[in-house]
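*Asks:*
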Amino acid sequence: MHKFFTLNDLDVSGKKVIVRAAFDVPLDSSKNLLDTKRVRDDSRIRDVVPTLSYLIKNNCKIILAAGWVGRPRGEDPELSMAPVALKLQEILKEENVLKHDVLLTPNCLDGSKPRSVYRNKEEVLIDVSKLKEGQIILLENVRYDDEANANDFEFAKFIASLAGNDAIYINEAEAQNHRPEATVSTVPKIIVENGGKAAFGLKMADVIKYMGNLSNVLSEKDRGTFIFFLSGKKIETQVGITSKISVTHSLLNKMKKHDVIVVQGAVTYTFMLAKTYIAAIEGKLKDALHTIGQYNKKQDEEAKRIKKENNPEASALITEMQTKLQKKKATN
């Protein structure tokens, strides 16, 4: 049994719902801001459509915090969510679930300049208050507001207040869920504190089900071909955390003859550089291992010398450090 709520566990009928999605879609800057063709790939939008359809059919008032597109510095009109809102409306219409027009707040669908949510709070509050049952209002690019990325509590409190008490928070932010950002980290906590519920959407529930069980699936005798995509910009964001390389390495042990790893995106450059300079890298690695070996040898010699001097405090400290080092090596 899962230890988290999903959308199917909740009674959402007629409720105000904040859905946190991740509509960081690629945009075609040659197209007009209000042209749906400006969205070059709508996959991330379509992923969330089953959850949105479910909420629409249950007459919810939906506040869609769709995250960000690009990396705007301030109110960059080129990175507005306007074409995303229009594309979402187009898709919902295709799926025959659209009850009302998809709104955007602050509104720039009338051709006005895109503006930030937090610096136009009064307008946003008015727009949300006009929501009809089964209608979606999409919040403008969250990165227009520095407070969002800083996980500012007051910003999170304002976003949560849009839904009020006894509201629902649904997480569908697969691509941005790892970020300690206000609408991901703090808003759901405030919603729950205000008597509401927080849960995963239909897509995220599937992701957790399959990703969390991936190791077992790969161990099945008669499973099909496994294709693993290693992509993005960064191999590792912080030393010591689980990196894409360590995850890939753990999967390699379970992969079979016809399984495939596809390397794409900016991480490809790391592999290309490694392939080009592998001889130099191996040489430097040997030098580094030799240096480490020499250092460890000197450490051992110094430890023996201190113990011979019969210094109980120093000897105890050395023994403690050696024990910790051995445990760390065993863990790695």
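Be aware that the sequence shown starts at 2, since it is given in the numbering used here, and climbs by one per residue. Note that beta-carbon positions come from the ideal geometry of N, C-alpha and C, so glycine has one too. Computed from a predicted structure; not experimentally measured.
Would you mind working out which of Leu140, Val103, Lys257 sits nearest Ser22, comparing C-alpha positions?
*Replies:* For this step, residue 22 is matched to residue 21 along the sequence shown. Position check: residue 22 holds Ala in this sequence, whereas Ser was assumed. For Ala22, the nearest C-alpha among the options comes from Leu140.
*Asks:* Let me know the alpha helix (DSSP H) ranges lying completely inside the region 257-291, each 4 residues or longer, listed in chain order.
*Replies:* 268-277, all fully within the region 257-291.
*Asks:* Under DSSP, the beta strand (DSSP E) around Leu110 begins and ends at which residues?
*Replies:* Here the question's residue 110 lines up with position 109 in the sequence shown. For Leu110, there is no enclosing beta strand (DSSP E), as DSSP gives it neither H nor E.
*Asks:* In angstroms with no decimal places, state the Cα-to-Cα distance between Val85 and Ile160.
*Replies:* Start at 1 with the first residue of the sequence shown, and residue 85 comes out as number 84. Start at 1 with the first residue of the sequence shown, and residue 160 comes out as number 159. One C-alpha to the other measures close to 20 Å.
*Asks:* How is Val185 classed by DSSP in three states: helix, strand or coil?
*Replies:* Residue mapping note: residue 185 aligns to position 184 of the sequence shown, counting from 1. In the structure shown, the three-state DSSP call for Val185 is helix.
*Asks:* Which runs of the alpha helix (DSSP H), 4 residues or longer, sit entirely within the region 194-218?
*Replies:* 203-212
*Asks:* Please report how far the alpha carbon of Thr292 lies from the alpha carbon of Pro189, in whole angstroms.
*Replies:* Position 291 of the sequence shown holds residue 292. Position 188 of the sequence shown holds residue 189. Distance between the alpha carbons of Thr292 and Pro189 is about 50 Å.
*Asks:* What residues are listed by DSSP as bridge partners for Lys222?
*Replies:* Your numbering for residue 222 matches position 221 in the sequence shown. None; Lys222 has no bridge partner.
*Asks:* Only counting runs of 4 or more residues, tell me where the alpha helix (DSSP H) segments fall wholly within the region 32-66, in order along the chain.
*Replies:* If only complete runs of 4 or more residues are kept, the region 32-66 shows the alpha helix (DSSP H) at 44-58, in order along the chain.
*Asks:* What are the start and end residues of each continuous alpha helix (DSSP H) run of 4 or more residues lying completely inside the region 64-138, in chain order?
*Replies:* Within the region 64-138, the complete alpha helix (DSSP H) runs of at least 4 residues fall at 83-95, 122-130.
*Asks:* Hey, is the region 244-257 in contact with the region 209-227, meaning 3+ C-beta pairs nearer than 8 Å?
*Replies:* yes
*Asks:* Can you tell me where the beta strand (DSSP E) holding Ile171 begins and where it ends?
*Replies:* Residue numbering aside, residue 171 sits at position 170 when the sequence shown is read from its first letter. Run containing Ile171: 169-172, per the beta strand (DSSP E) assignment.
*Asks:* Assuming the contact rule is C-beta atoms closer than 8 Å, Val13 and Asn59 should be a hit. Round their C-beta distance to whole Å, please.
*Replies:* Position 12 of the sequence shown, counted from the first residue, corresponds to residue 13. Position 58 of the sequence shown, counted from the first residue, corresponds to residue 59. Contact check for Val13 and Asn59: beta-carbon distance about 5 Å, within the 8 Å limit, so the pair qualifies.
*Asks:* Check whether the Cβ atoms of Trp69 and Arg144 lie closer than 7 Å to each other.
*Replies:* Your numbering for residue 69 matches position 68 in the sequence shown. Your numbering for residue 144 matches position 143 in the sequence shown. It is a contact, given that the beta carbons lie within the stated cut-off.
*Asks:* Short of 8 Å in beta carbon distance, which residues of its chain neighbour Phe5, apart from the five on each side in sequence? Order them along the chain.
*Replies:* By one-based count along the sequence shown, residue 5 stands at place 4. Closer than 8 Å at the Cβ level, and outside the excluded window around Phe5, lie Ala200, Phe201, Ile209.
*Asks:* Tell me the DSSP bridge mates of Ile19?
*Replies:* Taking the first residue of the sequence shown as position 1, residue 19 is located at position 18. Ile19 pairs with Ile64, Tyr170.
*Asks:* Let me confirm a value: His3 is counted as buried when at least 16 other C-beta atoms fall within 10 Å, else exposed. Which label applies?
*Replies:* As a first step, residue 3 must be located in the sequence shown, where it is residue number 2. Residue placement at His3 cannot be trusted, given a pLDDT of 46 that sits under 50; the coordinates are not used to answer.
*Asks:* Please report the distance separating the alpha-carbon of Ala1 from that of Ile282.
*Replies:* Outside the displayed range of the chain (2 to 333) lies residue 1, so it cannot be described from this structure.
*Asks:* Can you tell which of Pro115, Tyr55, Val263 has its C-alpha closest to the C-alpha of Val98?
*Replies:* Against the sequence shown, residue 98 aligns to sequence position 97. The residue with the shortest Cα to Cα distance from Val98 is Tyr55.
*Asks:* Among the residues of its own chain, which have a CB less than 8 Å from the CB of Cys61, if the five just before and after it don't count?
*Replies:* Residue mapping note: residue 61 aligns to position 60 of the sequence shown, counting from 1. So the list reads Val13, Ser14, Gly15, Lys16, Lys17, Val18, Glu134, Gly135, Ile169, once near-sequence residues are dropped.
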